[in-house]
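For the sequence shown, counting from 1, position 260 maps to 264 in my numbering; every step adds exactly one.
C-beta atoms are modelled at their ideal positions from N, C-alpha and C, and glycine is treated no differently.
Everything numeric in this text was worked out from a predicted model, so none of it was measured.
Comments concern the structure below.
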Amino acid sequence: MRPALRPQRNHVIVAKEIPLPYTSRESERAMHPVFDTESTRFFASDNASGVHPAIIEALLAANRGHQVGYGDDPYTKAALKVFDELFERPVYTFFVYNGTGANGSSLAAMVRPHQSIICADGSHIFYDECGAPEHLTGAKLQPLPAAGGKLRPEQLEPLLGYLGNMHHAQPKVLAVSQATEFGTVYTLDELRALTGLAHAHGLFTHMDGARVANAAVSLGCTMADLTWKAGIDALSFGGTKNGLMFGEAVVFFDEALAKDFVYIRKNNGQLASKMRYIAAQYIALLSGGLWLRNATHANAMAALLAEGLSAMPGVRLVEKVEANEVFVELPRAAIEPLRKSCFFYVWDEANNIARFVTSWDTQAEEIKRFLAVCRKELETRR
């Protein structure tokens, strides 16, 4: 399934819904409700959640005195060691501002302009980053249809036939998302099958790990199992969706790929001068297992929401719920009333498919209240 309509995600916090002047579609104009209470919570995205209190405390602790900028500070040096511990070996970690920067910059270390990046047609790098990966790498994105967001080895083989043909962009990177944009998770065997084929043909492998913590929880495996032990060469490690205020990390498992990344990061505008504030957050997130607790809770809340929704008349789960995203088909007439009760995105407008995302701060009572509203709304329409 490929979305017919993906939501715009820019929010303004005010007291009422407002039309967006830059779109002509009525459905998109009404897509951005805005809220005036600090207690408002909804299921639009884990980007909408607040910052974990432990991360706030870490930022405040780092905000004392002066430190040398651009990563030559004790917080950044300590954070790099924490990443080594998490991945059970020395890795090459670089902090950046955001997920698009992490993906585009890390891919820029892996390809040249005459090469291509194989990805799913619903992947974030293809669908949601405004052409940034192609802009930053100069390389071609080669999307493939991916049921449930997951690529299969047999899909790669026709593209691998382009190798050595000067008339075709040369495949050089296989890019996967874990968890996928549809909330599904590659098993370790599925990952190894893909990465093994890619490596056999001289391709690098990249993982968009915006929700990699949720995937690790779903599989019950370590970060090492999920990445370099499964054949991943580079990882965009997400933190913002798992309780951070800002900042992501690029992790290379191949020293040769990391060799020039300090220059690539700077050239792409992703070098933070006050890097200690990104690093301090990751120390708090990773060193005490907060990443695991946050992701475990978010996944459990998604399972609770999916269980409740799937039991209601006229509601159908359209993807497996394996992380913290729930995709359901809803009766068309019920969508807008439910969105006014608790905001969520309509992911595929043509097919009445909605996406619900739970977060580290989603509460079971909030889900129960929303399910009660859903039940009442659906019963009135039977």
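Only counting the same chain, and skipping five residues up and downstream in sequence, which positions put a Cβ closer than 8 Å to that of residue i?
i      : result
Asn272 : Gly105, Gly108, Ser109, Ala112, Leu140
Leu382 : Met316, Pro317, Gly318, Val319, Pro335, Ala338
Val95  : Phe87, Asp88, Trp232, Val255, Phe256, Phe257
Ser28  : For Ser28, the pLDDT reaches just 39, beneath the cut-off of 50, and the residue's location in the model is therefore unreliable, although a value from the coordinates is still provided. None.
Might you give, ordered along the chain, the residues of its own chain that have their beta carbon closer than 7 Å to the beta carbon of residue i, omitting 5 neighbours on each side?
i      : result
Tyr190 : Lys154, Val180, Gln182
Leu148 : Ile122, Ala124, Asp125, Leu155, Gln159
Pro157 : Ala197, Leu198, Leu201
Tyr281 : Leu63, Ala66
Ala376 : none
Ala83  : Ala283, Tyr286, Ile287
Ala310 : Leu321, Val325, Val330
Arg468 : This structure cannot speak to residue 468, because the chain is shown only from 5 to 386.
With the cut-off set at 8 Å, would you say residue i and residue j are in Cβ contact?
i      : j      : result
Gly165 : His203 : no
Ile371 : Gly247 : no
Asp365 : Gly103 : no
Met279 : Tyr74  : yes
Gly243 : Leu275 : no
Lys245 : Arg215 : yes
Gly142 : Thr184 : no
Leu239 : Leu192 : no
Gly292 : Tyr101 : no
Ala253 : Phe98  : yes
Please name the residue in the options whose C-alpha comes closest to that of residue i.
i      : options                        : result
Pro162 : Pro175, His171, Phe186         : Pro175
Val221 : Lys245, Trp295, Arg116         : Trp295
Thr188 : Lys278, Glu138, Gly213, Ala219 : Ala219
Asp50  : Tyr349, Lys81, Leu313          : Tyr349
Gly168 : Pro137, His128, His205, Gly213 : His205
Val322 : Asp352, Phe99, Ile129          : Asp352
Met170 : Ala368, Gln119, Gly251         : Gln119
Asp264 : Tyr79, Met114, His56           : Met114
Tell me which residue opens and which closes the alpha helix (DSSP H) that residue i is part of.
i      : result
Gly312 : 294–314
Arg121 : Reading off the sequence shown, one finds Ile at residue 121, where the question assumed Arg. Segment 119–124 is the beta strand (DSSP E) holding Ile121; no alpha helix (DSSP H) there.
Tyr281 : 280–290
Ser109 : 103–112
Arg336 : 336–345
Lys372 : 368–384
Met227 : 227–230
Ala136 : 136–141
Just reading off the beta strand (DSSP E) that residue i is part of, what are its end residues?
i      : result
Val266 : Taken as a continuous stretch (DSSP letters only), Val266 belongs to no beta strand (DSSP E), being part of the alpha helix (DSSP H) at 265–271.
Leu198 : Note, Leu198: premise wrong, no beta strand (DSSP E); alpha helix (DSSP H) at 192–204.
Ala327 : Element bounds for Ala327: n/a, residue is neither H nor E.
Pro209 : Residue 209 is actually Thr in this sequence, not Pro. Where Thr209 is concerned, the enclosing beta strand (DSSP E) stretches over 208–213.
Ile236 : It is not in any beta strand (DSSP E) - Ile236 carries neither H nor E in the DSSP assignment.
Leu175 : Residue identity differs from the one stated: residue 175 is Pro in this sequence, not Leu. Unbroken beta strand (DSSP E) run through Pro175: 174–181.
I'd like the list of long-range same chain contacts for residue i, defined as Cβ closer than 6 Å, with 5 residues on each side in sequence excluded.
i      : result
Glu92  : Ala228
Arg13  : Bear in mind that the predicted position of Arg13 carries a pLDDT of just 41, short of 50, making it unreliable; the figure below should be weighed with that in mind. Hits under 6 Å: none found.
Ala298 : Correcting the residue type first, residue 298 is Asn in the shown sequence and not Ala. Excluding positions up to five away in sequence, the list reads Asn246, Gly247, Trp364.
Phe374 : Cys346
Ala48  : Phe347, Phe348, Tyr349
Task: Stretch-stretch touch, CB-based, cutoff 8 Å, three pairs: the segment 347–364 with the segment 327–336 - done: yes
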